[in-house]
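Colleague:
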Amino acid sequence: MSSGIQALETTYHFLFVGVLIVLGIMLFLCLIRACMGPTVADRLVSVNMMGTMVMTIMAILAVMMNESYLVDICIIYAMISFLAVIVLSKVIMGVHKEDEKMSEEQHTKGVQAAQTEKEQIIEKQSKEIQIEETKKIEETQTVKIELEEKNHAEEEH
Amino acid sequence: MGILLWIRFILGTLFLLAGMVLFVVEIISVFKLDYVLNRMHAAATGDTSGIGLSLIGLMILNGFNLITLKLLLVVVFLWFSSPVSSHLIAKLEVATHEGEDKYGKVEK
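Residue numbers (the working numbering), protein chains in the order written: chain V, 1 to 157; chain Y, 158 to 265.
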């Protein structure tokens with residue numbers, strides 16, 4: 001009977017050690033995924049996964065070593081990782097919204113500046129056209145006056 | 158008595174190994190899928206059900222104890238918190254629109 005219980009204890013030990021090794025390898029793979037991830041949400045997902053695996057490791061250690069305070073640490077770890085995900089996602093959303101506002105303001109300012117430049121150019125062009133028209137009118141008037149003077153001179157002759 | 162202990166061991170080991178299999182599937186899918194929302198779906202499913210199954214297995218292995226009650230508290234807390242954090246990450250992805258060009262537009 002006692003040999004059976006000893007065999008059970010050794011199998012418990014090997015089961016826990018094997019599961020801990022597998023979890024350690026998967027934790028490392030999660031870290032690689034967090035380094036690879038192209039977007040911010042990807043990194044947050046893999047960090048969340050890492051937190052879950054660390055919690056499982058803590059629970060297994062608590063059962064394996066028969067220490068109840070490790071489960072308290074596990075609860076606090078769960079709360080802190082949940083809080084970290086919430087705070088990080090809110091902060092990144094706020095930064096993104098501020099960036100969008102800044103870019104929109106710059107865009108509207110640029111559009112307004114371009115519109116004023118266009119208006120100024122149109123005003124300049126219209127002024128030039130008016131000056132040219134007045135010059136043409138003056139020229140035609142002077143030509144008419146000269147013609148009239150010539151006619152007068154011919155009539156006097 | 159010894160047979161009962163072995164039955165408890167086998168039941169708990171089944172639950173624990175089911176949780177491990179879910180974690181392995183989660184890791185494989187996170188490396189294999191190619192868009193953030195798909196990866197997030199796989200990761201949220203694996204997180205919630207994987208840690209639930211493995212902690213239930215640990216509870217069965219441990220027997221009725223103070224550690225078991227605390228593990229139950231952890232399971233209940235994670236079943237509330239893990240979907241909420243995944244939902245927030247999905248909202249972050251939808252709000253920032255970082256994968257818009259390659260994978261089509263995400264409807265708000």
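Glycine residues also receive a C-beta, built at the ideal position from the N, C-alpha and C atoms.
All of these numbers come straight from a predicted model, not from anything done at the bench.
Establish whether the CB of V:Leu44 and some CB of chain Y are separated by less than 9 Å.
Modeller: Working through the first sequence from its first residue, we reach residue 44 of chain V at position 44. Yes, because at least one Cβ of chain Y sits closer than 9 Å to the Cβ of V:Leu44.
Colleague: Quick one: list the residues of chain V neighbouring Y:Phe166, beta-carbon separation under 9 Å, in chain order.
Modeller: Along the second sequence, read from residue 1 onward, the residue named residue 166 of chain Y stands at position 9. The answer, in chain order, is Leu8, Thr11, Tyr12 and Leu15.
Colleague: Would you kindly check if the distance between the Cβ of V:Asp42 and the Cβ of Y:Arg196 is under 9 Å?
Modeller: Against the second sequence, residue 196 of chain Y aligns to sequence position 39. Against the first sequence, residue 42 of chain V aligns to sequence position 42. Closer than 9 Å, so yes.
Colleague: What whole-angstrom Cβ distance do V:Gly4 and Y:Gly159 have, given they're in contact under 8 Å?
Modeller: Position 4 of the first sequence, counting from 1, holds the residue named residue 4 of chain V. Position 2 of the second sequence, counting from 1, holds the residue named residue 159 of chain Y. Indeed they touch by this definition, with Cβ atoms about 5 Å apart.
Colleague: Are at least three pairs of beta-carbons, each pair with one atom in the region 224 to 234 of chain Y and one in the region 173 to 189 of chain Y, less than 8 Å apart?
Modeller: no
Colleague: So, Y:Phe180 versus Y:Ser211, is the Cβ gap smaller than 9 Å?
Modeller: Here residue 180 of chain Y refers to the residue found at position 23 when the second sequence is read from its first residue. Here residue 211 of chain Y refers to the residue found at position 54 when the second sequence is read from its first residue. Yes.
Colleague: Express the C-alpha separation of V:Met65 and Y:Leu168 in angstroms, rounding to a whole number.
Modeller: Taking the second sequence and counting its residues from 1, the one referred to as residue 168 of chain Y is at position 11. Taking the first sequence and counting its residues from 1, the one referred to as residue 65 of chain V is at position 65. The alpha-carbon atoms of Y:Leu168 and V:Met65 are separated by roughly 20 Å.
Colleague: Are V:Met49 and Y:Glu250 closer than 9 Å when you measure CB to CB?
Modeller: The sequence position of residue 49 of chain V within the first sequence is 49, counting from 1. The sequence position of residue 250 of chain Y within the second sequence is 93, counting from 1. No. Outside cutoff.
Colleague: Would you give the residue range spanned by the alpha helix (DSSP H) that Y:Thr170 belongs to?
Modeller: Counting from one through the second sequence, the residue named residue 170 of chain Y turns up at place 13. Looking at the DSSP string, the run of the alpha helix (DSSP H) that includes Y:Thr170 is Gly159 to Lys189.
Colleague: Got a sec: is the Cβ-Cβ distance from Y:Leu171 to anything in chain V below 9 Å?
Modeller: Taking the first residue of the second sequence as position 1, residue 171 of chain Y is located at position 14. No - not a single Cβ of chain V is within 9 Å of the one on Y:Leu171.
Colleague: Counting only Cβ pairs nearer than 9 Å, list the residues of chain V close to Y:Leu230.
Modeller: Position 73 of the second sequence, counting from 1, holds the residue named residue 230 of chain Y. Within 9 Å Cβ-Cβ: Val71 and Ile75.
Colleague: Spell out whether any CB of chain Y is found under 9 Å from the CB atom of V:Thr52.
Modeller: Within the first sequence, residue 52 of chain V is the residue found at index 52, counting from 1. Yes, because at least one Cβ of chain Y sits closer than 9 Å to the Cβ of V:Thr52.
Colleague: Return helix, strand or coil for V:Gly18, following the three-state DSSP convention.
Modeller: If you number the first sequence from 1, residue 18 of chain V lands on position 18. If DSSP states are grouped into helix, strand and coil, V:Gly18 belongs with the helices.
Colleague: What three-state label does DSSP hand Y:Gly221 in the structure shown?
Modeller: Here residue 221 of chain Y is taken as the residue at index 64 of the second sequence, counted from 1. Note that residue 221 of chain Y corresponds to Phe in the displayed sequence, not to Gly. If DSSP states are grouped into helix, strand and coil, Y:Phe221 belongs with coil.
Colleague: Below 9 Å between beta carbons is the criterion; list the residues of the region 206 to 220 of chain Y that meet it against any residue of chain V, in chain order.
Modeller: Gly207, Ile208, Ser211, Leu212, Leu215, Met216, Leu218 and Asn219
Colleague: Check distances from the C-beta atoms of the region 235 to 254 of chain Y to those of chain V and list, in chain order, the residues that come in under 8 Å.
Modeller: Leu235, Ser238, Ser239, Val241, Ser242, Ser243, Leu245, Ile246, Ala247, Lys248, Leu249, Glu250, Ala252 and Thr253
Colleague: Taking the C-alpha atoms as reference points, what is the distance between V:Gln125 and V:Lys150?
Modeller: Here residue 125 of chain V refers to the residue found at position 125 when the first sequence is read from its first residue. Here residue 150 of chain V refers to the residue found at position 150 when the first sequence is read from its first residue. Going by the C-alpha atoms only, they are around 37 Å apart.
Colleague: Have a look at Y:Thr205 and Y:Met177 and give me their C-alpha separation to the nearest angstrom.
Modeller: The residue labelled residue 205 of chain Y in the question sits at position 48 within the second sequence. The residue labelled residue 177 of chain Y in the question sits at position 20 within the second sequence. Each residue's Cα considered, the two are about 12 Å apart.
Colleague: Quick check: is the beta carbon of Y:Ala175 nearer than 9 Å to any beta carbon in chain V?
Modeller: Locating residue 175 of chain Y in the second sequence gives position 18, where the first residue counts as 1. Not one chain V Cβ lies under 9 Å of Y:Ala175.
Colleague: Since V:Met55 meets chain Y, which of its residues come closer than 8 Å, beta carbon to beta carbon?
Modeller: Position 55 of the first sequence, counted from the first residue, corresponds to residue 55 of chain V. Neighbours of V:Met55 on chain Y, chain order: Ile208, Val231 and Leu235.
Colleague: Cα separation between V:Thr142 and V:Glu133?
Modeller: Translated into the one-based positions of the first sequence, residue 142 of chain V becomes position 142. Translated into the one-based positions of the first sequence, residue 133 of chain V becomes position 133. Taking the straight line from one Cα to the other gives about 14 Å.
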